[in-house]
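Student:
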């Protein structure tokens, strides 16, 4: 890229970064694919951390009266396991899919706001680091009236109030150290990242679709992305206010959740679950979108009832806002509230059931190929049905009282979030691996991963159902031998380690195949969506020529026609068409202008933890200066950004367009 | 784009007239407050609906003319209305569940 | 909107809404702000009607926000904020008709009126604290300060954006077409903050 050295972006604070490769190329990128890949890897690191925390929990619970972890360590582990898996793994890895795939699937060259996209990512990274820095800097004071007199070890110095941070336990009276400040401010930062990306995705979907890509021709994955973006848009402000309230209660002296001063802890539960239940669908809908892409491809049939699936997804999103109080049946809400939310909880099973039937209808009579993505998707459907059914049992209020705060609940939400979301996400990781890397993964290792996961998953979370119904209490640190819960707990722990083995197999497969796997064919799965009309790995400019869409599953219809029985028949010209796609995709006929990289998104993200630390340590000498430094960094970056154009003037733009010089080499560079 | 031009944007003079109208509505609001304070028969249950009605009128005027929502594509109105209606419905439900709003 | 050119030239290749990305993004953002202020307002609604006498040290009376309001004062500052919406829309109108100087004048006027509003709020807060009602007096007071404080913070950010636009225009001798859209965006934000105040003024101040 030597030709770019003469270029100047001198009008801003820094010289504009001009490298698209190497370390700074990743730090400063505004390319949605690179951002997506970074989201994926970062989220996976957090997945490992959250998984290790789960293993520690399971070692502690493997035997009655175990002393492996102290109570404070156990509290920190279960809090951070939940917080990590939800906010630092499933949400960002879904964001990774959105980032990488959304523009490709709608035929766009980038998202609507490329640099805002980078801001989302960097705020997420720094928010995650901030949250985890609690293990280094956080303190847990002795709670009033508790039995934890000693100061916790470093392992016990993570946030310890549960991922739901129930008041007043999360208030100063019961958590007098700083760890819950790390939690509330950390989640605030992470929420900001998601809010920005949700606006970005909504505008992208509504404004950036290729010609002819009408709303009801969008792939189901894009539809689910849109629904998730709206859920985020309307639910994040609620948790933002709630987190501000808890932060102010702890640091400014407000009294919202302190019952001894007239505050109302139940208000926290309402605000939290008003966000928290849409959040559940924020976690599961991306996986549903992935499964809705994978099942038709490997059944060689169109998705059964596409409009119904789309409508059901939107209905789930809509109704997801009307069921929050079923998390609170045991908190003394009025009988009218209980009845209303019991009914709405039953009702939301209907659109979910529609989806399940449509997926089964898709597989029915198809020519099924059991590749790894298909196995994971089928696993998703099966496990999600179990989790969904145990979920409906919560709508029966008296039964729910019995289940509340037992392992039955833990079993339920792991069946939907692990058996559901995570199986779906792994399905997607395998499915799009060739697109991402240009190579194929090892099918043998992939299938082994699935079966190890499947066995380990059911051994871990299946027994939790009856453990819970037999009285095993949630968030308990130890249990007595006389309860007789020991043997099944040991089985659960063994299952957890089998899951860990599955993750290890996945990592080996990924790292090995990325470098040494066989070169992926142009359209390895004979798929239906637009991203498969592009070379693998995707060139930086995505589409050499802006596509024009004429129908749902446009790519499929270009390859296949139907015979009299409605069976797909490959068109004779399909092979030539693919060759043409590959040829054109690698050689754009005319120059393509792309957003230039920028330092500012990184700096905006870096300013966030400074503000956070400043807020927590505002009573020390360096707290306020740090807060101001962070604020100046953020505001200054936005001003620098405001005067820096998205694309540098086009006259000197051709030379730094790697797509022209080295087409298709920039997809997964390291 | 053609449909947007069918409705001409207000002129500065018209903007000023709208502002005078808004100021007038605000004056009525404040007078209602004092009526409620000073006249016994004029209770909160009379003044509150009127005050809310006036606030809604001001709200609609600012959104429709100053924010040009009247002149935008309907998609924008749909987004905006969704946010507004969702907020009202959800928070009324929360207040109801918390017992701050009681049906009598 | 034809008064400000489309930011990128690729309009024709998309199946879009025809609304500029940034403008659509601003509208989407504002629709989510309803949820934000809705939570703050309902928080105040929940706490304003409760009785806190049981939580007070003996001999002290409960100081609630509604007992301390200075309605004439708040009416004036509400009026000031309302009029700043007029100056804002006039700034945009001046820009559309190509009058850069007049745009700057109205931008400055809007920022000034916003500052007057903030000043009034600082005065009101100081007054309340001096009369003995702090953020820690009772949950209703906490909710009042949090709600009006966050609204004030929104006005403050609006003033910052107005100042930046003013500064850029002053330095360059006018705003370019792409920057011109920012006037409209800041305008949307500014009017939104104004309508939130219309709601707060009625629900929090005028209805007892």
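Residue numbers (our numbering), protein chains in the order written: chain X, 313 to 982; chain Y, 574 to 677; chain Z, 7 to 214.
A virtual CB, placed ideally from N, CA and C, is assigned to each residue, including glycine.
Could you name the residues of the same chain whose beta carbon sits closer than 8 angstroms to that of residue 742 (chain X), not counting the 5 residues immediately before and after it, in chain order?
Tutor: On the first chain, residue 742 (chain X) is found 430 positions in, with the first residue counted as 1. Around residue 742 (chain X): 683, 684, 685, 688, 753, 758.
Student: Output needed in chain order: residues of the segment 120–148 of chain Z with a Cβ under 9 angstroms from some Cβ in chain X.
Tutor: Listed by position, the residues of the segment 120–148 of chain Z near chain X (Cβ gap below 9 angstroms) are 140, 141, 142, 143, 144, 145, 146, 147, 148.
Student: Name, going along the chain, the residues of the segment 845–857 of chain X whose beta-carbon falls closer than 8 angstroms to a beta-carbon of chain Z.
Tutor: Going along the segment 845–857 of chain X in chain order, one finds no residue with a Cβ nearer than 8 angstroms to chain Z.
Student: Looking at the C-beta of residue 51 (chain Z), does it have a partner C-beta in chain X at a distance below 8 angstroms?
Tutor: By one-based count along the third chain, residue 51 (chain Z) stands at place 45. No - not a single Cβ of chain X is within 8 angstroms of the one on residue 51 (chain Z).
Student: Inspect the CB distances between the segment 363–370 of chain X and the segment 809–818 of chain X and report whether three or more fall short of 8 angstroms.
Tutor: Segments in contact, yes.
Student: Note down the Cα distance separating residue 13 (chain Z) from residue 26 (chain Z), rounded to an integer number of angstroms.
Tutor: Within the third chain, the letter at position 7 stands for residue 13 (chain Z). Within the third chain, the letter at position 20 stands for residue 26 (chain Z). Residue placement at residue 13 (chain Z) cannot be trusted, given a pLDDT of 40 that sits under 50; what the coordinates show is reported in the next sentence. Each residue's alpha carbon lies about 7 angstroms from the other.
Student: Using 8 angstroms as the Cβ pair cut-off and three pairs as the minimum, do the segment 867–881 of chain X and the segment 821–832 of chain X touch?
Tutor: Touching, no, given that fewer than three Cβ pairs across the two stretches are closer than 8 angstroms.
Student: Between residue 416 (chain X) and chain Y, is the shortest Cβ-Cβ distance under 8 angstroms, so that the two count as touching?
Tutor: Here the question's residue 416 (chain X) lines up with position 104 in the first chain. For residue 416 (chain X), the answer is no, since every Cβ of chain Y falls outside 8 angstroms of its Cβ.
Student: Which one or two residues does DSSP pair with residue 345 (chain X) in a beta bridge?
Tutor: Here the question's residue 345 (chain X) lines up with position 33 in the first chain. DSSP, once it has assigned bridges, lists no residue as partnering residue 345 (chain X).
Student: Can residue 536 (chain X) and residue 418 (chain X) be called in contact, C-beta distance under 8 angstroms?
Tutor: The residue labelled residue 536 (chain X) in the question sits at position 224 within the first chain. The residue labelled residue 418 (chain X) in the question sits at position 106 within the first chain. No.
Student: In whole angstroms, what is the alpha-carbon distance linking residue 412 (chain X) and residue 55 (chain Z)?
Tutor: For the purposes of this step, residue 412 (chain X) is identified with residue 100 of the first chain, where counting begins at 1. For the purposes of this step, residue 55 (chain Z) is identified with residue 49 of the third chain, where counting begins at 1. Taking the straight line joining both Cα atoms gives about 50 angstroms.
Student: Smallest Cα separation from residue 346 (chain X): which of X:445, X:571, X:409, X:647?
Tutor: Against the first chain, residue 346 (chain X) aligns to sequence position 34. Of X:445, X:571, X:409, X:647, the residue nearest in Cα terms is X:409.
Student: Give the secondary structure of residue 978 (chain X) by DSSP, where H, G and I count as helix, E and B as strand, and everything else as coil.
Tutor: Position 666 of the first chain, counted from the start, is the residue given in the question as residue 978 (chain X). Low local confidence applies: a pLDDT of 28 at residue 978 (chain X) is under 50, so the model's placement there is unreliable, and no value is given.
Student: Using a C-beta to C-beta distance shorter than 8 angstroms, which residues of chain Y count as neighbours of residue 646 (chain X)?
Tutor: Residue mapping note: residue 646 (chain X) aligns to position 334 of the first chain, counting from 1. Neighbours of residue 646 (chain X) on chain Y, chain order: 670, 672.
Student: Suppose the cutoff is 7 angstroms on Cβ atoms and the five residues either side in sequence are ignored; what does the same chain contact list for residue 444 (chain X) look like?
Tutor: Position 132 of the first chain holds residue 444 (chain X). So the list is empty, once near-sequence residues are dropped.
Student: From the DSSP output, read off the bridge partner residues of residue 985 (chain X).
Tutor: Only positions 313 to 982 of chain X appear in the structure, and residue 985 (chain X) is not among them; the question remains open.
Student: Against chain Y, with Cβ distances strictly below 8 angstroms, would residue 201 (chain Z) count as a contact?
Tutor: Stepping through the third chain from its first residue, residue 201 (chain Z) is reached at position 195. Residue 201 (chain Z) counts as touching chain Y.
Student: Does the beta-carbon of residue 983 (chain X) have 16 or more other beta-carbons within 10 angstroms, so that it is buried, or is it exposed?
Tutor: This structure cannot speak to residue 983 (chain X), because chain X is shown only from 313 to 982.
Student: To the nearest angstrom, report how far apart residue 628 (chain X) and residue 372 (chain X) are at their CA atoms.
Tutor: Within the first chain, numbered from 1, the residue matching residue 628 (chain X) stands at position 316. Within the first chain, numbered from 1, the residue matching residue 372 (chain X) stands at position 60. Looking at the two C-alpha atoms, the distance is approximately 37 angstroms.
Student: Could you check whether residue 416 (chain X) and residue 843 (chain X) sit closer than 8 angstroms to each other, using their CB atoms as the reference points?
Tutor: Counting from 1 along the first chain, the entry for residue 843 (chain X) is found at position 531. Counting from 1 along the first chain, the entry for residue 416 (chain X) is found at position 104. Yes; because the gap between Cβ atoms is below 8 angstroms, this pair is in contact.
Student: Would residue 589 (chain Y) count as contacting chain Z if we go by Cβ distances under 8 angstroms?
Tutor: The residue labelled residue 589 (chain Y) in the question sits at position 16 within the second chain. It does; some Cβ of chain Z falls within 8 angstroms.
Student: What is the DSSP secondary structure of residue 553 (chain X), counted as helix, strand or coil?
Tutor: Translated into the one-based positions of the first chain, residue 553 (chain X) becomes position 241. In this structure, residue 553 (chain X) counts as helix in the three-state DSSP scheme.
Student: Exposed or buried, residue 129 (chain Z), counting other C-beta atoms within 10 Å across all chains shown (16 or more means buried)?
Tutor: For the purposes of this step, residue 129 (chain Z) is taken as residue 123 along the third chain, with counting starting at 1. Residue 129 (chain Z) should be labelled exposed.
Student: Can you tell me where the alpha helix (DSSP H) with residue 726 (chain X) in it begins and where it stops?
Tutor: In the first chain, residue 726 (chain X) corresponds to position 414, counting from 1. Per DSSP, residue 726 (chain X) belongs to the alpha helix (DSSP H) from 719–728.
Student: Using a Cβ-Cβ cut-off of 6 angstroms (strictly less than) and excluding sequence neighbours within five positions of residue 969 (chain X), which residues of its own chain qualify?
Tutor: As a position in the first chain, residue 969 (chain X) is number 657, starting the count at 1. Bear in mind that a pLDDT of 38 at residue 969 (chain X), under 50, signals an unreliable position, so the number given afterwards is only what the model happens to contain. Nothing listed; no residue qualifies.
Student: Could you pull the start and end residues of the alpha helix (DSSP H) that residue 747 (chain X) belongs to?
Tutor: The residue you call residue 747 (chain X) lines up with position 435 of the first chain. Note, residue 747 (chain X): alpha helix (DSSP H), 745–749.
Student: Could you pull out every residue in the same chain whose Cβ sits closer than 6 angstroms to the Cβ of residue 912 (chain X), ignoring the five residues on either side in sequence?
Tutor: Walking along the first chain from the start, residue 912 (chain X) turns up at place 600. Excluding positions up to five away in sequence, the list reads 949, 952, 953.
Student: Taking C-beta pairs closer than 9 angstroms, name the residues in chain Y that residue 546 (chain X) reaches, listed in chain order.
Tutor: The residue you call residue 546 (chain X) lines up with position 234 of the first chain. Near residue 546 (chain X) (Cβ distances below 9 angstroms), the residues of chain Y are 655, 656, 659, 660, 663.
Student: Please look up how many angstroms separate the CB atoms of residue 119 (chain Z) and residue 140 (chain Z), rounded, as I've assumed it's under 8 angstroms.
Tutor: Along the third chain, one-based indexing puts residue 119 (chain Z) at 113. Along the third chain, one-based indexing puts residue 140 (chain Z) at 134. Incorrect: roughly 29 angstroms between the Cβ atoms, too far for contact.
Student: Alpha carbon to alpha carbon, what distance is there between residue 110 (chain Z) and residue 598 (chain Y)?
Tutor: Here residue 598 (chain Y) corresponds to residue number 25 of the second chain, with the count starting at 1. Here residue 110 (chain Z) corresponds to residue number 104 of the third chain, with the count starting at 1. So the two alpha carbons sit approximately 29 angstroms from each other.
Student: Could you name the residues of the same chain whose beta carbon sits closer than 7 angstroms to that of residue 336 (chain X), not counting the 5 residues immediately before and after it, in chain order?
Tutor: Locating residue 336 (chain X) in the first chain gives position 24, where the first residue counts as 1. Counting only Cβ-Cβ distances below 7 angstroms, and skipping sequence neighbours, we find 329.
Student: To the nearest angstrom, how far is it from the Cα of residue 601 (chain Y) to the Cα of residue 623 (chain Y)?
Tutor: Start at 1 with the first residue of the second chain, and residue 601 (chain Y) comes out as number 28. Start at 1 with the first residue of the second chain, and residue 623 (chain Y) comes out as number 50. Each residue's alpha carbon lies about 10 angstroms from the other.
Student: Which chain Y residues are close to residue 62 (chain Z), counting only those with a beta carbon under 9 angstroms from its beta carbon?
Tutor: Within the third chain, the letter at position 56 stands for residue 62 (chain Z). Those do not exist, as residue 62 (chain Z) stays about 21 angstroms from chain Y at its closest Cβ, beyond 9 angstroms.
Student: Of the residues X:354, X:338, X:835, X:388, which one's Cα is nearest the Cα of residue 610 (chain X)?
Tutor: Against the first chain, residue 610 (chain X) aligns to sequence position 298. Taking only the C-alpha atoms, the option nearest residue 610 (chain X) is X:835.
Student: Go to residue 601 (chain Y), then tell me how far its alpha helix (DSSP H) extends in each direction, as first and last residue.
Tutor: Taking the first residue of the second chain as 1, we reach residue 601 (chain Y) at position 28. Unbroken alpha helix (DSSP H) run through residue 601 (chain Y): 585–611.
Student: Could you check whether the Cβ of residue 636 (chain Y) sits closer than 8 angstroms to any Cβ belonging to chain Z?
Tutor: The sequence position of residue 636 (chain Y) within the second chain is 63, counting from 1. Closer than 8 angstroms to some Cβ of chain Z, the Cβ of residue 636 (chain Y) qualifies, so yes.
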